[in-house]
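What follows is a single structure, written as structure tokens, with notes after it.
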Amino acid sequence: MAERMSEVMNPSAVQRDPRFPHAPAEWTPQTAEAIAREQGVELNEERWELVRAVQEYYHRHEESGKISLRELHDALDERFHSRGGRKYLYELMPGGPVAQGARLAGVEPPPEAVNTSFGSVS
1 MAERMSEVMN PSAVQRDPRF PHAPAEWTPQ TAEAIAREQG VELNEERWEL
51 VRAVQEYYHR HEESGKISLR ELHDALDERF HSRGGRKYLY ELMPGGPVAQ
101 GARLAGVEPP PEAVNTSFGS VS
């Protein structure tokens, strides 16, 4: 909370990776890489794109204080529709694009997000 307050009071003090403009203040790509290693997932460009999409969704909805699993699933499905939508997303994140994607993005998954087993993915 103190980090968020300092971000509000002095936004220029927060150094964000320009590739992740909507990332939580305490999140780093190295954090995501460590989580991915634990889950047997290699973070390639497609998976980074999903991480950015989840971060952007949370950023847009943080003021409401409510993250809807269904809306997030639909938003991701729409964003990645041209590549296969949900099927593509589950190929990227076998642990669930919302549950696993949120953890990698540094945000809390919605409570009802399914957390399937994390298989090895390259």
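Residue 14 in UniProt numbering is what sits at position 14 of the sequence shown, and the numbering runs on without skipping anything. Ideal placement from N, C-alpha and C gives every residue a C-beta, glycine not left out. Since we're looking at a predicted model, the values are computed, not measured.
Practice item. Flag this pair as touching only if the stretch 33-52 and the stretch 87-107 have three or more C-beta atom pairs under 8 Å; answer yes or no. Key: yes
Point to revise | Residue closest to proline 110, alpha-carbon to alpha-carbon, out of Gly84, Arg19, Glu62 and Trp27 | key: Position 110 of the sequence shown, counting from 1, holds the residue named residue 110. Taking only the C-alpha atoms, the option nearest proline 110 is Glu62.
**Study point:** Beta-carbon proximity list for residue 163, same chain, < 7 Å, skipping 5 on both sides
**Key:** One cannot answer for residue 163 here, as it falls past the ends of the chain, which runs 1 to 122.
Point to revise | Neighbourhood of tryptophan 27 by C-beta distance below 7 Å, restricted to the same chain and skipping five residues each side | key: What you label residue 27 is simply residue 27 of the sequence shown in a count that begins at 1. Once the five neighbours on either side are set aside, the close Cβ partners of tryptophan 27 are Gly106.
Point to revise | Entirely enclosed alpha helix (DSSP H) segments - the stretch 61-117, minimum 4 residues | key: 69-79, 85-92 and 99-105
Review point. What distance in whole Å lies between the Cβ atoms of methionine 93 and leucine 43, which are believed to be in contact at a cut-off of 8 Å?
Key: Taking the first residue of the sequence shown as 1, we reach residue 43 at position 43. Taking the first residue of the sequence shown as 1, we reach residue 93 at position 93. With a Cβ gap of about 11 Å, leucine 43 and methionine 93 do not count as contacting.
Practice item. Identify whether glutamate 33 lies in helix, strand or coil by the three-state DSSP scheme. Key: Walking along the sequence shown from the start, residue 33 turns up at place 33. In this structure, glutamate 33 counts as helix in the three-state DSSP scheme.
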